[in-house]
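Residue numbers (this note's numbering): 1 to 265. Using N, Cα and C, we set each Cβ at its ideal position, and we do this for glycine too. Bear in mind that the values here come from a model prediction, so they are computed numbers and not experimental data. Some notes on the structure that comes next.
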């Protein structure tokens, strides 16, 4: 059950993946700095390109799935199946079948599956003194959060944390600091990259709050973000009955063209 040798093997293989993900993170940070300086820059939101930074991580967990099967570790096989082949199959379905798929029913299950499997992953890696993969997960996730905040007007996981109170998401930014206290490939450079992500992510989220866009959920039928497509179906205001609207939740603003006032409703 959760054979530590499998997780040690994956952690040992993940050094090159840190370099891969760091290259995308540096590109994103450079684009953000250009935009912050007032230049007109954009980033592609095509699903393939936005998921590319994390693709090797999913392939690594697919390898973990195979290792767990060979070792007869049923629980690890199920865990790796979620983030490995399960993730790849979901992405392939979204890319090939698009709007023909209805994610309304599986959306809550996929959301909770990702939440719980992430916590289990982190518990196993950290309990066994394996630091690279927890840092890699955070580097990948926070790269996406920076991109979404600055170029898509999407607070994504920060917004969802205010809605579902899933506090373990604090690990995403928190584990970026691991290189300062534990051995991680890249050492100080990796830690500084993590700090740079935090330094640009926080102002990005602050901009969304200031502009009234923090609470705005993307339309899963128009979004190219894989999580929006799979998780948010049935959760947008027009898809929920009046009884499901929480009076304590702020109205979700609709942002018009530049210069137009923010409308809530």
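Roughly how many whole angstroms lie between the Cα atoms of residue i and residue j?
i: residue 135; j: residue 113; result: 21 Å
i: residue 108; j: residue 118; result: 16 Å
i: residue 4; j: residue 128; result: 7 Å
i: residue 17; j: residue 60; result: 9 Å
i: residue 12; j: residue 196; result: 25 Å
i: residue 29; j: residue 58; result: 23 Å
i: residue 40; j: residue 34; result: 8 Å
i: residue 213; j: residue 165; result: 19 Å
i: residue 42; j: residue 32; result: 9 Å
i: residue 73; j: residue 82; result: 15 Å
i: residue 204; j: residue 56; result: 27 Å
i: residue 158; j: residue 21; result: 21 Å
i: residue 115; j: residue 37; result: 36 Å
Please tell me whether residue i and residue j are closer than 8 Å, where the distance is taken between their beta carbons.
i: residue 7; j: residue 124; result: yes
i: residue 68; j: residue 77; result: yes
i: residue 139; j: residue 79; result: no
i: residue 275; j: residue 201; result: Any question about residue 275 goes unanswered here, given that the chain covers just 1 to 265.
i: residue 173; j: residue 198; result: yes
i: residue 154; j: residue 218; result: yes
i: residue 25; j: residue 209; result: no
Out of the options, state which residue places its alpha-carbon closest to the alpha-carbon of residue i.
i: residue 15; options: 196, 185, 189, 209; result: 185
i: residue 10; options: 34, 27, 66; result: 66
i: residue 75; options: 152, 120, 213; result: 120
i: residue 133; options: 161, 163, 54; result: 54
i: residue 130; options: 167, 95, 182, 143; result: 182
i: residue 70; options: 33, 1, 110; result: 1
i: residue 84; options: 102, 104, 72, 63; result: 63
i: residue 48; options: 155, 93, 111; result: 93
i: residue 215; options: 25, 82, 190, 149; result: 149
i: residue 152; options: 161, 44, 111; result: 44
i: residue 95; options: 116, 137, 50; result: 50
i: residue 19; options: 191, 210, 206; result: 191
i: residue 23; options: 52, 38, 36, 126; result: 52
Applying the 10 Å Cβ sphere with the 16-neighbour rule, what's the burial state of residue i?
i: residue 261; result: Per-residue confidence for residue 261 stands at a pLDDT of 40, beneath the threshold of 50, marking its modelled position as unreliable; the derived number appears in the next sentence. That one is exposed.
i: residue 179; result: buried
i: residue 267; result: It is not possible to answer for residue 267, since the shown part of the chain is limited to 1 through 265.
i: residue 104; result: exposed
i: residue 145; result: buried
i: residue 86; result: buried
i: residue 160; result: buried
i: residue 147; result: buried
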